[in-house]
Structures are given as C-alpha cells and as structure tokens.
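Q:
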Amino acid sequence: MNITIGKKITGGFLLVVGLVAVMSIFSYFKIGEIEESYEQTMNSNLEKMRMTQGFAADLANEAVAMRRFNFTGDVSDLPVFEEYRKSSEEKLTVLQQMIQTGKGKELLQQMKADKAAYEAIAQKSIAAKQANNLEQVALHMQAAGGPYKAAMGAAEELVQEIEVIVRAEAQTQSETAKESQMLILVINILVACIAVAIGILLSRSIANPLKRITVASGEIAQGNLTHEDVIIDSADEIGQVARAFVTMKANLKQLIRQIASTTEQVAASSEELTASAEQSAQATEQVASTVNDVATGAERQVSAVVTAASVVEQMSAGIQQVAVNANDVARMADRAATTARQGDTAVDAAITQMASIEKTVAGSAQVVTKLGERSTEIGQIVNTISGIAGQTNLLALNAAIEAARAGEQGRGFAVVAEEVRKLAEQSQEAAKQIAALIGEIQTETENSVVAINEGSREAKIGGEVVNTAGKAFKEIVDLIGAVSEQIGEISASIQQMSAASQQIVTAVRDIDKISKDTAGQTQTISAATEETSASMEEIAASSQALAHLAEDLQTAVQKFRL
Numbered sequence: 001m002n003i004t005i006g007k008k009i010t011g012g013f014l015l016v017v018g019l020v021a022v023m024s025i026f027s028y029f030k031i032g033e034i035e036e037s038y039e040q041t042m043n044s045n046l047e048k049m050r051m052t053q054g055f056a057a058d059l060a061n062e063a064v065a066m067r068r069f070n071f072t073g074d075v076s077d078l079p080v081f082e083e084y085r086k087s088s089e090e091k092l093t094v095l096q097q098m099i100q101t102g103k104g105k106e107l108l109q110q111m112k113a114d115k116a117a118y119e120a121i122a123q124k125s126i127a128a129k130q131a132n133n134l135e136q137v138a139l140h141m142q143a144a145g146g147p148y149k150a151a152m153g154a155a156e157e158l159v160q161e162i163e164v165i166v167r168a169e170a171q172t173q174s175e176t177a178k179e180s181q182m183l184i185l186v187i188n189i190l191v192a193c194i195a196v197a198i199g200i201l202l203s204r205s206i207a208n209p210l211k212r213i214t215v216a217s218g219e220i221a222q223g224n225l226t227h228e229d230v231i232i233d234s235a236d237e238i239g240q241v242a243r244a245f246v247t248m249k250a251n252l253k254q255l256i257r258q259i260a261s262t263t264e265q266v267a268a269s270s271e272e273l274t275a276s277a278e279q280s281a282q283a284t285e286q287v288a289s290t291v292n293d294v295a296t297g298a299e300r301q302v303s304a305v306v307t308a309a310s311v312v313e314q315m316s317a318g319i320q321q322v323a324v325n326a327n328d329v330a331r332m333a334d335r336a337a338t339t340a341r342q343g344d345t346a347v348d349a350a351i352t353q354m355a356s357i358e359k360t361v362a363g364s365a366q367v368v369t370k371l372g373e374r375s376t377e378i379g380q381i382v383n384t385i386s387g388i389a390g391q392t393n394l395l396a397l398n399a400a401i402e403a404a405r406a407g408e409q410g411r412g413f414a415v416v417a418e419e420v421r422k423l424a425e426q427s428q429e430a431a432k433q434i435a436a437l438i439g440e441i442q443t444e445t446e447n448s449v450v451a452i453n454e455g456s457r458e459a460k461i462g463g464e465v466v467n468t469a470g471k472a473f474k475e476i477v478d479l480i481g482a483v484s485e486q487i488g489e490i491s492a493s494i495q496q497m498s499a500a501s502q503q504i505v506t507a508v509r510d511i512d513k514i515s516k517d518t519a520g521q522t523q524t525i526s527a528a529t530e531e532t533s534a535s536m537e538e539i540a541a542s543s544q545a546l547a548h549l550a551e552d553l554q555t556a557v558q559k560f561r562l
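FYI, in the UniProt record's numbering the residues of the sequence shown are 1 to 562.
#1: So within the region 42–106, which uninterrupted alpha helix (DSSP H) runs reach at least 4 residues, ignoring any that extend past its ends?
#2: Could you check which residue in Ala21, Gly379, Leu108 has the C-alpha nearest to that of Lys48?
#3: Is Asn327 helix, strand or coil when you go by DSSP?
#4: Determine the extent of the alpha helix (DSSP H) in which Gly199 is found, giving its start and end residues.
#5: Rounding to the nearest angstrom, what Cα-Cα distance links Arg257 and Val246 in this structure?
#6: How big is the Cα-Cα spacing for Arg421 and Gly412?
#7: Across which residues does DSSP place Arg561 in a beta bridge pair?
#8: Give me the residue from Arg50, Asn398, Ala403, Asn393 with the minimum Cα distance to residue 637.
#9: Does DSSP put Ile3 in a helix, a strand or coil?
#10: So does Gly379 have its beta carbon nearer than 7 Å to some heavy atom of the ligand ATP?
#11: How about the region 141–158 and the region 110–117: do they share at least three Cβ pairs that are nearer than 8 Å?
#12: Do the region 50–60 and the region 80–93 make contact, defined as three or more Cβ pairs closer than 8 Å?
#13: Grab me the residues of Arg68's own chain with a C-beta within less than 6 Å of its C-beta, minus the 5 sequence neighbours each way, in chain order.
#14: Counting beta carbon pairs with one atom in the region 210–228 and one in the region 34–45, are three or more of them shorter than 8 Å?
#15: Using 8 Å as the cut-off, can you tell me whether the region 6–20 makes contact with the region 170–182, which would need three or more C-beta pairs spanning the two stretches below that distance?
#16: Can you grab the Cα-Cα spacing for the pair Met248 / Pro209, in whole Å?
#17: Could you have a look at Ser261 and say whether DSSP puts it in helix, strand or coil?
#18: Taking three-plus beta-carbon pairs below 8 Å as touching, is the region 20–33 in contact with the region 187–196?
#19: Compare the Cα-Cα distances from Arg457 to each of Ala403, Leu397, Ala527, Ala362 and report the closest residue.
#20: Take the Cβ of Ala151 as the centre, count every other Cβ of all protein chains shown within 10 Å, and call the residue buried at 16 or more, exposed below.
#21: Less than 8 Å between the CB atoms is what I'm expecting for Thr274 and Gln544, so what's the real figure, rounded?
#22: For Ala131 versus His140, is the C-beta spacing smaller than 8 Å?
#23: Go ahead and pull the three-state DSSP assignment for Val230.
#24: Return yes when the Cβ of Met51 is within less than 8 Å of the Cβ of Leu95, no when it is not.
#25: Report buried or exposed for Lys115, applying the criterion of at least 16 other Cβ atoms within 10 angstroms of its Cβ.
#26: Decide if Lys91 is buried, meaning its Cβ has at least 16 other Cβ atoms within 10 Å, or exposed.
#27: Taking Gly11 as the reference, give the member of Ala195, His227, Ser174, Ile232 with the closest Cα.
#28: Spatial neighbours of Glu119 within its chain, please: C-beta separation below 7 Å, excluding the five flanking residues on both sides.
#29: Tell me whether the beta-carbon of Ala244 lies closer than 8 Å to the beta-carbon of Ala547.
#30: Is it buried or exposed, Val450, if we count other Cβ atoms within 10 angstroms and call 16 or more buried?
#31: In three-state DSSP terms, what is Ala250?
#32: In this structure, how does DSSP classify Ala545 when only helix, strand and coil are distinguished?
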C-alpha cells in the first residue's frame with residue numbers, strides 16, 4: 001500500500017485529534033450529565049421545600065380566616081377559609097407524591113392527621129360561632145391550637161429534612177464530579193501517551209531511513225562508491241528517495257568511468273596541441289622580432305625627423321620673431337633719436353632757465369637781507385618809543401603826586417596826569433607787541449635768507465647738472481643714429497634668413513610625412529605579428545590549462561573508489 005509521509009503525518013495528527021475530540025465529547029457529556037443531575041436534584045428539592053412552605057402558609061392563612069370569622073362574624077371569611085383549606089390539601093397531596101423517604105412520609109402522615117384534626121375543630125368553632133355560642137367558640141379555638149402547632153412543627157421538620165437531603169445529594173454530586181475529573185484526567189494522560197507513541201513511531205519511520213541515506217551520502221562525498229546500496233522497502237517518499245539514490249550512485253559510477261576515459265584522451269590531445277602551438281609561437285616571435293626592429297628604426301627616423309622639423313620650425317619662428325623685433329628696434333631707434341634731439345633742445349632751454357633762476361635767487365637774497373636790516377632798525381625805534389613811554393609814565397606819576405599835594409587846586413591836573421599815564425602804559429604795551437612782531441619777522445627773515453642761500457647753491461648745482469646732461473644728450477643722439485643704420489642692415493639679413501628657413505621647414509615636413517607612412521606600415525605589420533603571436537600564446541596557454549584540467553580531473557576521478 002502506497003502511504004506517503006504526508007499521509008502518515010496527517011493520519012497520526014488526525015488520530016490524535018480524534019482522540020482529543022472523543023475525550024472532549026466525553027468530558028462535555030459527562031459534565032452535562034452532572035450538571036443535569038444536579039439541576040434536577042436542586043429543582044426537585046426546591047420544589048419540595050416550596051410546596052412544604054406553601055402548605056404551612058396556607059394552613060396559617062386558614063387559621064387567620066377562622067379566627068377572624070370567630071371574632072368578627074364576617075361571613076366573607078368563610079370562603080377564604082375554604083379556599084386555603086383546599087389549597088393546603090392540594091399541596092399536601094403533591095408532597096405525598098414527591099417525597100419518597102421514610103421519615104418524609106411519616107412527617108407527611110403526621111401533617112395530614114394534624115391538619116384533619118385542626119380543621120375538624122375549626123369547623124366546630126365556626127358552627128358554634130354561627131350558633132352564637134361564644135363559649136364553645138372559645139373552647140374550640142383553644143382546642144384547635146394543639147393540632148395546628150403540631151402540623152406547623154411537622155411542616156418545619158419536613159423542610160429541615162429536605163435540607164438534609166439537599167446537602168447529601170450535593171455531596172454525592174461533588175463526589176461524582178471529582179470522579180469525572182479523575183476519569184477525564186486519566187483519559188487525557190492516555191491520549192497524551194498515545195500521541196507521544198504516534199510521534200515516536202512516525203519520527204522513527206522517517207528518521208531511521210534518512211539516517212541511512214545520510215550515511216551513504218557521506219561515503220559518496222568521501223569518494224567511496226563501494227558502499228552497499230541503501231535498500232528501503234517503504235512505498236513513501238523516503239523509499240522513493242532511497243531507490244533514486246541507488247540509481248544515482250550507479251549512474252555516478254558510470255559517469256566517473258566515462259570521465260576518466262575522456263580525460264586521458266583530452267590530456268593526450270592537449271599535449272599535442274601545446275607542442276604545435278609552441279612551434280608556431282616561436283616562428284611568429286622571430287617574424288615579430290624582425291618587424292619590430294624595422295618598426296623601431298622607422299620610429300627612430302620619424303622621431304629624428306620630427307625633432308629636426310621642430311627645431312627648424314622653432315628656428316624659423318625665432319628668425320621671424322627676430323626680424324619683427326629688429327623692425328621694432330629700428331622704429332624705436334628712430335623714435336629715440338627724435339626724442340634725444342628734443343631732449344637736447346629741452347636741456348638747452350633748461351640751462352638758460354637755471355641761469356635766470358640763479359640770478360633771481362641772488363636778487364631775492366639781497367632783498368631779504370635788506371629787509372632784515374630794516375627790521376633791526378625798526379626794533380631800535382620801538383625800543384626808543386618804549387623808553388619814552390616809560391619816562392612819560394614816570395612823569396605822569398610825579399604829576400599825580402604833585403597834584404595830590406596841591407589839593408583841590410591840583411585835581412584837574414591829576415586827572416590829566418592819570419590820562420597821560422594810561423596813554424603811556426598803552427604806548428608801552430603796543431611797543432612791546434611791535435617788538436615781539438619785529439622779533440618774529442627777524443626770525444622768519446633769517447630763515448628766508450638761509451633758504452634763499454640754499455636755493456641759490458642748489459640752482460648753481462642744477463645748472464652744472466643740466467650742462468652735463470646736455471652734453472650726454474648730444475652723444476646719445478650721435479650713437480642712436482649709428483645704431484639705427486646697423487639695425488637696418490641686420491633687419492635685411494634676417495629677412496633673407498627667414499625666407500631660407502621656410503624652404504627648410506617645407507622640406508623637413510615632406511621627409512616627416514614619408515617617415516610616418518613607413519613607420520605606420522611597419523607598426524601595422526608588427527601589430528598583426530604580435531596579435532598572431534599572442535593568439536598562439538593563448539592557444540598554448542589554453543592547451544596547457546586544458547592539460548592541467550585533464551590532470552586535475554584525473555586526480556579527482558582517482559579519489560573515487562569504484
């Protein structure tokens with residue numbers, strides 16, 4: 001039967017799920033049964049208690065209606081009495097059907113007898129009340145108290161009995177629930193054990209064959225193809241893998257044998273190809289060497305021609321530049337000669353002007369000297385005025401003293417003397433200011449005299465320098481004229497050299513073109529030869545690499561034990 005691993009795992013999983021489902025269903029129904037039993041028990045007992053308490057309430061209401069009628073004589077209480085009597089009777093009948101315990105039945109019989117006795121006495125008290133026999137009413141009501149209390153006591157005792165039954169049944173239900181829990185726990189443990197057993201069986205059925213295949217794969221990885229075949233009879237995927245593994249091993253053996261045979265043939269062919277490639281490469285290298293020598297010579301020739309052309313072109317350019325510069329120098333020489341002649345004329349004018357300046361400076365020095373002498377004389381006059389002002393001040397002071405001695409008669413004279421004194425002081429102050437100004441003028445005059453004398457000396461020196469410059473300008477004019485004539489002759493020679501250099505440049509360029517063509521052709525031949533040589537080297541290298549690969553492959557194949 002072809003059962004796959006997926007089906008096995010799914011089947012085991014479904015089996016575990018089924019067991020868990022069965023356990024869950026069992027637990028569900030068991031718990032439901034316990035709950036239903038507990039609910040029925042509680043409902044039944046609660047109904048019993050409710051009926052018993054209802055019986056006691058009806059009996060109490062019945063007694064109340066009887067007493068109220070006996071006290072009031074209200075006939076409307078009689079139907080109420082009858083209603084509660086029937087109701088209590090019905091509840092008692094139901095209780096007799098519900099209660100099955102011995103003590104419960106005894107209490108019911110007691111309740112029924114006490115109820116009947118109480119109602120018989122109550123009927124008598126009602127009849128006595130209707131007959132208006134109050135004494136009998138009182139006696140019957142007193143007599144009815146005993147059966148009534150006995151019936152109510154029996155009802156209360158029945159309620160207590162029902163409570164005892166409820167507690168007992170609750171204990172029973174609790175024990176049943178514990179037993180169910182234990183049973184569910186045992187079933188869970190059993191299901192867990194079954195699940196573990198299924199897992200172990202499934203894992204072994206998968207792991208053991210895989211382990212055998214892994215060991216065989218390790219042997220093949222080590223090159224051992226003599227290891228025994230892995231035989232697995234299962235029809236699942238692992239069995240299919242094992243059979244495919246055996247087939248792969250057989251095919252691998254055959255492939256390695258074919259590779260070993262082919263590598264030997266490849267090694268032999270690669271050795272022959274290597275020998276042929278080496279011979280071709282040697283011949284090609286000889287041709288390439290010869291062509292390279294020719295190309296090297298052509299390149300040297302081209303390089304030399306290029307160098308010569310460059311030198312000749314540079315020389316031609318230099319000659320042309322020299323011609324241009326010579327023309328510029330000739331023009332500049334003409335301009336220099338013209339400028340020198342103008343400078344000579346300017347120098348003559350400067351000499352004349354310097355002589356005039358020297359005379360003017362000498363005259364200015366004399367005038368300033370005379371001005372200094374006059375300022376000295378003015379200073380003497382100012383000193384005289386200052387002395388006169390001092391004497392006038394003393395005279396005014398003496399006149400004031402005399403006027404003071406004369407008293408009233410000399411007061412007018414004193415005023416005049418005071419005014420004279422003030423004028424004398426003002427004159428003396430003005431004389432001081434004039435003296436100060438004259439002093440400053442004398443100082444400036446002395447400085448001017450010094451400066452004029454220095455200017456006169458510098459003017460003399462300037463005149464001598466200008467005379468020397470005039471002589472130099474005349475010599476420069478003569479030299480520039482001679483240089484201009486020589487530059488004209490040099491410019492003509494340079495023009496002839498420039499024309500000749502242009503012819504040389506043209507010839508060198510033609511030689512350069514021919515040399516480049518020759519070098520290009522030799523380089524083409526050399527490149528083709530080098531490409532051929534490189535191709536042969538690549539073929540030789542490839543054949544050697546192929547031989548090495550064949551050897552490596554043989555070495556790798558020898559690692560396998562067939």
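Backbone N, C-alpha and C define an ideal beta-carbon position, used for all residues, glycine too.
A: Let's see:
#1: Listed in chain order, the complete alpha helix (DSSP H) runs (minimum 4 residues) inside the region 42–106 are 77–98.
#2: Lys48 has its Cα closest to that of Leu108, out of Ala21, Gly379, Leu108.
#3: Residue state, collapsed to three classes: helix.
#4: Residue range 134–221 is occupied by the alpha helix (DSSP H) that includes Gly199.
#5: Distance between the alpha carbons of Arg257 and Val246: 17 Å.
#6: So the alpha carbons of these two residues sit roughly 14 Å apart.
#7: Arg561 is bridged to Asn224.
#8: A query on residue 637 cannot be resolved here, the shown segment of the chain reaching from 1 to 562 and no further.
#9: The answer is coil: DSSP assigns Ile3 none of H, G, I, E or B.
#10: Among the components of this structure there are no ligands whatsoever, and the ligand ATP is therefore not found.
#11: Between the region 141–158 and the region 110–117, the count of Cβ pairs shorter than 8 Å is three or higher; the stretches touch.
#12: A contact between stretches requires three or more CB pairs, one per stretch, nearer than 8 Å, and the region 50–60 meets this requirement with the region 80–93.
#13: Around Arg68: Asp77.
#14: No: the two stretches stay apart, fewer than three of their Cβ pairs being nearer than 8 Å.
#15: They do not touch, by the three-pair rule.
#16: The straight-line gap from Cα to Cα measures roughly 17 Å.
#17: If DSSP states are grouped into helix, strand and coil, Ser261 belongs with the helices.
#18: These segments touch.
#19: Residue Ala362 holds the alpha-carbon nearest to the alpha-carbon of Arg457 among Ala403, Leu397, Ala527, Ala362.
#20: By the neighbour-count rule (16 or more Cβ atoms within 10 Å), Ala151 is buried.
#21: Yes, Thr274 and Gln544 are in contact; Cβ-Cβ is about 6 Å, under 8 Å.
#22: Judged by beta-carbon spacing, His140 lies beyond the 8 Å limit of Ala131, meaning their Cβ atoms are not closer than that value.
#23: Here Val230 carries a coil assignment [DSSP, helix/strand/coil].
#24: Contact flag set, yes.
#25: Counting the other CB atoms within 10 Å of its CB gives Lys115 a total of 16 or more, which places it among the buried residues.
#26: The residue in question, Lys91, is buried, as its Cβ has 16 or more Cβ neighbours within 10 Å.
#27: Nearest option by C-alpha distance: Ala195.
#28: Beyond the five residues adjoining it in sequence on each side, Glu119 comes within less than 7 Å, by CB distance, of Arg85 in the same chain, given in chain order.
#29: Taking 8 Å as the Cβ cut-off, Ala244 and Ala547 do not qualify as a contacting pair.
#30: Exposed.
#31: In this structure, Ala250 counts as helix in the three-state DSSP scheme.
#32: Three-state result, Ala545: helix.
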